[in-house]
Amino acid sequence: MTKTTQAPAFLLANSWLETIDPTGWWMSEKLDGVRAWWDGRQCVSRQGNVYHAPAWFCVGLPNIPLDGELWLARKAFQRTVSIVRGRDSGEEWRNVTYVVFDAPGVDGPFEERQKFLDVMFQEHQPRHARVLPQVRCSGP
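The following block contains the structure:
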């Protein structure tokens, strides 16, 4: 991986307290992938290192920041790390998916950013990316 000049501003999870009622909060499946920020031209790690994704992997992604994970499969975290951190794993990237959580480059609340992602992914249909479904929490 190559170091960039600045690490992206990822939103990170916090510990949940049982005294907090999450009813109405947005939630999604917890993936065991490698967190990646799409800066509009490349995928970057939480520390600001560039993942050297092949050009074909990035076709169809927008030129605005996206937040998500590079994901291979359940129980495949170590294999995912090996692929995305390697410089010579081009063909192995065909099994990786960029699973997008958010579009922080779009103005507006979370719901508007999710609508943008839905429309953008329907129109451009990037082959190696998808939006992670979000649902409202119905209670503790």
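What the sequence shown shows, in our numbering, is residues 270 to 409, in sequence order. Glycine residues also receive a C-beta, built at the ideal position from the N, C-alpha and C atoms.
When DSSP states are grouped into helix, strand and coil, Val-375 belongs to the coil group.
Here DSSP, grouped into helix, strand and coil, assigns Ala-342 to coil.
A direct Cα-to-Cα measurement between Tyr-367 and Val-404 gives close to 19 Å. Judged by DSSP secondary structure, Trp-325 falls within the alpha helix (DSSP H) whose first and last residues are 324-327.
Taking a contact as a CB-CB distance under 8 Å, the pair His-397 and Phe-326 counts as one, their CB atoms being some 5 Å apart.
In this structure Asp-290 touches Pro-409 by the C-beta definition: roughly 6 Å separates them, less than 8 Å. In this structure, the beta-carbon distance from Cys-406 to Thr-292 falls below 8 Å. The beta carbons of Asp-376 and Pro-334 sit no closer together than 8 Å.
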